[in-house]
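To start, the structure under review is shown below, and the notes come after it.
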Amino acid sequence: MRNLLNFLARFSNLIFFLFLEGIAVYLLATGNHYHNARIGNSVRGITRGLESRISNGRSYLNLQEVNEKLLAENVALRNRMERMIPDFNPGFSSFTDTIFNQKYNYTASEVVNNSVNRQKNFFTLNKGYRHGIKVDMAVTSQFGVAGVIVGCSENYSIAMSLINVDFKLSTRIRANGYFGSLSWDGHDYRYAVLSEIPQHVVVNLGDTIEATGYSAIFPEGTLVGTVSEYEKVGGDFYKIRVALSTDFKKLHYVDIIGSLKKTEELDLEKLFK
Amino acid sequence: MINRTIKLSLLFVLLMLFQVLVFNNIQFSGFVNPYIYLLFILLLPFEIPGWLLLLISFLTGLIVDFFSLSPGMHAFATVFAGFMRPNILRIISPRDGYEPGSGPSMQTYGFRWFFIYAAFIVLIHHAALFYIEVFRFQDFFRTMLRVIMSSVFSLSFILLFEYYRKGK
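Line by line, the protein sequences are chains A and B.
Counting from 46, one number per residue, gives the positions in the first sequence under the working numbering.
Counting from 33, one number per residue, gives the positions in the second sequence under the working numbering.
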């Protein structure tokens with residue numbers, strides 16, 4: 046007994062060290078991305094509040110640039126609207142069913158916390174389930190795909206960034222329609238890797254890569270990036286390096302996109318599984 | 033003694049604010065993020081009991097974790113650094129030992145000594161942090177590059193901070 050006590054006294058620091066490391070590893074192992082949304086509003090509330098404040102301050106510094114982009118986007122949208130409004134037939138009054146053909150619902154949001162230097166990058170948005178945000182909604186910047194919502198609290202939500210090694214996205218080459226799976230290799234935040242494109246397909250540098258819409262998360266045709274480099278790996282597939290169109294280091298204003306017909310689509314697909 | 037505790041607590045708050053508000057937002061070339069909160073672990077007094085050192089390291093890491101959405105990562109690395117601290121202090125102790133009642137500061141033991149001391153701890157901490165983050169040996173050398181680059185930046189900021197503290 047005394048020997049045991051002596052032993053414990055001698056190695057108490059080591060034991061305590063191992064104990065604390067055990068807790069840390071446990072947190073690490075259980076704390077996947079869902080953890081962040083669930084961690085409890087007490088601590089989250091404090092840190093989030095602080096982060097919004099920082100983000101508020103920072104958005105002032107970017108106002109000029111943001112304004113310019115908004116202007117450009119406004120012009121583009123206005124042009125598009127002009128083309129769509131039929132200016133003939135003024136005699137009929139038309140009945141508009143606003144969601145008859147609408148497939149997606151957009152919510153503008155602001156990034157309040159972001160990272161690009163980890164293997165598993167997430168960003169936090171200042172809209173939560175109070176604003177109709179749900180898990181599995183798509184997040185895009187004005188340049189293209191940004192991420193997917195993985196957790197929501199009342200006023201905030203957390204999105205898995207495209208530059209997260211766990212992120213997979215079904216994408217295709219716009220020029221010829223061949224699709225493959227896009228993921229991030231954890232190296233450079235400006236590039237991702239598109240695989241599963243067969244080698245008989247002609248790939249050109251600068252080809253546009255877009256989302257397929259197969260996942261019912263991203264609208265079909267959402268821009269992802271352009272081909273910056275490709276090589277043949279093994280006997281079957283290309284390894285294509287894609288320069289991402291979204292600059293994740295400058296991510297600030299984003300749209301959260303909910304698909305209105307996703308449940309319908311998934312339910313139908315479930316019938317045939 | 034009490035005076036010193038208050039001073040250290042103030043330093044802790046200051047470093048945490050700096051880390052969370054400023055340094056967590058610095059990401060040089062998408063690679064490097066300096067972690068200056070380690071300076072607090074560096075400056076704890078010599079005679080601090082081992083368990084307290086470990087506990088403080090753990091809590092410090094946990095707080096940083098809360099602010100950077102990385103559960104357990106910083107806690108793991110900081111506890112590791114805290115565990116190694118007494119060993120490193122023993123290895124690099126000056127010939128006539130440490131003066132009782134003094135902390136391991138640049139003011140007392142000079143730039144050279146503090147540089148070596150800080151470099152050891154920062155390297156250990158960053159190695160633990162980045163390898164636990166990647167959690168595979170596939171990109172071993174790439175991760176090592178990240179460790180070294182981040183360590184250089186963290187160390188520069190820590191030395192700068194300590195130099196300024198010394199000047200006051």
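C-beta: ideal position from N, C-alpha, C; glycine also.
| request: Please decide whether B/Ile-164 counts as near chain A, where near means a Cβ-Cβ distance under 8 Å. | output: yes
| said: Quick check on this structure: which residue in B/Val-179, B/Phe-55 and B/Phe-78 has the alpha carbon closest to the alpha carbon of B/Pro-132? | reply: B/Phe-78
| DSSP on B/Tyr-163, reduced to helix/strand/coil? | helix
| Any chain A beta carbon closer than 8 Å to B/Leu-76 | In terms of beta-carbon proximity, B/Leu-76 stays away from the interface with chain A, with every pair separated by 8 Å or more.
| query | Taking 8 Å as the CB-CB cut-off, is A/Asn-101 touching chain B? | reply | no
| Do B/Met-116 and B/Ile-156 come within 8 Å of each other at the CB atom, strictly closer than that value? | yes
| query | Considering only C-alpha positions, which residue in the set B/Ser-100, B/Leu-71, B/Phe-112 and B/Gly-135 is nearest to B/Val-45? | reply | B/Leu-71
| query | Quick one: Cα of B/Leu-187 to Cα of B/Asn-65, how far? | reply | The straight-line gap from Cα to Cα measures roughly 11 Å.
| Taking Cβ-Cβ distances below 9 Å as the criterion, which residues of the region 258-278 of chain A are in contact with chain B? | none
| task | Say whether the region 179-194 of chain A touches the region 297-309 of chain A, bearing in mind that this needs 3 or more beta-carbon pairs closer than 8 Å, one atom from each stretch. | result | Touching, per the Cβ criterion.
| said: Is B/Val-166 a contact residue of the ligand GTP, with contact defined as CB to any heavy atom under 7 Å? | reply: Looking for the ligand GTP in the displayed structure turns up nothing, as the structure carries no ligands at all.
| message | Would you say A/Ala-69 lies against chain B (beta-carbon separation less than 8 Å)? | response | yes
| message | Can you tell me whether B/Pro-118 is helix, strand or coil according to DSSP? | response | The answer is helix: DSSP assigns B/Pro-118 an H, G or I state.
| Taking C-beta to C-beta, are A/Trp-229 and A/Ala-237 nearer than 8 Å? | Result yes, Cβ atoms of A/Trp-229 and A/Ala-237 sit closer than 8 Å.
| message | Going by beta-carbon coordinates alone, are A/Gly-192 and A/Leu-268 separated by less than 8 Å? | response | no
| request: Say whether chain B places a C-beta atom closer than 8 Å to the C-beta of A/Glu-66. | output: yes
| request: Whole angstroms is fine: what's the gap from A/Phe-133's alpha carbon to A/Gly-270's? | output: With a pLDDT of 49 at A/Phe-133, under the threshold of 50, the modelled position of that residue is not reliable, and no figure is offered here.
| said: Quick check: B/Leu-86 and A/Ile-99, are their CB atoms within less than 8 Å of each other? | reply: no
| task | Determine which residues share a DSSP beta bridge with A/Asp-300 and list them. | result | DSSP lists A/Ala-153 and A/Thr-185 as partners of A/Asp-300.
| said: Quick check: the region 239-250 of chain A against the region 282-293 of chain A, are at least 3 beta-carbon pairs closer than 8 Å? | reply: Enough Cβ pairs lie closer than 8 Å, so yes.
| request: Apply the 10 Å Cβ neighbour rule to A/Leu-116 and answer buried if 16 or more other Cβ atoms are within range, or exposed otherwise. | output: exposed
| request: Identify every residue that forms a DSSP beta bridge with A/Ser-206. | output: A/Gly-192
| Presumed contact (8 Å Cβ cut-off) between B/Leu-42 and B/His-106, rounded CB distance | Distance from B/Leu-42 to B/His-106 at the Cβ level is roughly 21 Å; contact not present, criterion being Cβ atoms closer than 8 Å.
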